[in-house]
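Here's the structure we're looking at; comments come further down.
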Amino acid sequence: MTPGFANPVLGAQSSFRAVLYTLSHPGSIRELKDAPHAPAPLNPAAAALALALCDADTSLWQDGGSAIAEWLRFHTGAPPAPLHEARFLIATGAAPPLASLALGSDEAPQDGATLFLQVAALEAAPGWRLTGPGIEIATDLRVTGLAPGFAAQRAALASLFPRGIDIVLCAGSMIAALPRTTRIEVT
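Per the numbering used here, the sequence shown starts with residue 142, numbered consecutively.
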């Protein structure tokens, strides 16, 4: 079994700070320098986020197979859960249908899921124009490796606010976040 963070405390802290920054500044890209090497196809960024945010009290769904399931269970203790019940999800392949994830409720929107979605690349370049809280005017983000209808699928959830899901895009050791309040315009 491959190890988790080289230094569990520092690795978890730096990963937590990075994801907190990207959630507060949607479209910004951060590198997780302490990201661990995990079993394929789990990329370093998704692995680091799971190690930093998941524990025995947070349910987890993943689509990467048994080696990843064992690695995550050993390092986080997070119990596996079905797609529609999981608080955290790791998609190593195609994004699951977003409307089928836990969206929270009007009374408890914090119960909405957080999806760590692996993509091929992230760039601060035209592709998507992002607006919303945490963005002064607008910011550009180019995401490579998503299905063409992803932005429309995510936009369909906007009318459900405050319910919804938060998404962290993971490319290698890089992350960018799309909180549920962020609007995407395909450019």
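No residue lacks a Cβ here, since even glycine has one placed at the ideal position from N, Cα and C. For clarity, every value in this text was computed on a predicted model and none was experimentally measured.
Contact between the stretch 151 to 158 and the stretch 253 to 267 is defined here as three or more beta-carbon pairs at a separation below 8 angstroms; is this criterion met?
no
Name, in chain order, the residues that DSSP records as bridge partners for G126.
Residue 126 lies beyond the residue range present for the chain, which begins at 142 and ends at 328; the question has no answer from this structure.
Given A159 as reference, the closest of T323, A318, R324 once Cα atoms are compared:
A318
Residues near S348 in its chain [Cβ-Cβ closer than 8 angstroms; skip 5 each side]
As displayed, the chain neither begins before 142 nor continues past 328, which places residue 348 out of reach and without an answer.
Quick one, which of T199, M315, T272, I209 has its alpha-carbon nearest E326's?
T272
Under the three-state reduction of DSSP, which class applies to I325: helix, strand or coil?
strand
Same chain, Cβ closer than 7 angstroms to N396, neighbours up to 5 away in sequence not counted
Any question about residue 396 goes unanswered here, given that the chain covers just 142 to 328.
Please state if the CB of A236 and the CB of F302 are separated by a distance shorter than 8 angstroms.
no
Would you tell me roughly how many angstroms separate the C-alpha atoms of G218 and L298, rounded to the nearest one?
30 angstroms
Spatially closest choice to A296 from E264, L263, P238, E277, by CA coordinates
P238
Pick from I278, A187, Q294: whose alpha carbon is nearest that of R171?
A187
Beta-carbon separation of R321 and D307 under 8 angstroms?
yes
Per the DSSP calculation, Q294 is bridged to which residue(s)?
The partner list for Q294 (beta bridge, DSSP) is empty, contrary to what the question assumes.
With distances taken between CB atoms, is the gap from L224 to L201 smaller than 8 angstroms?
no
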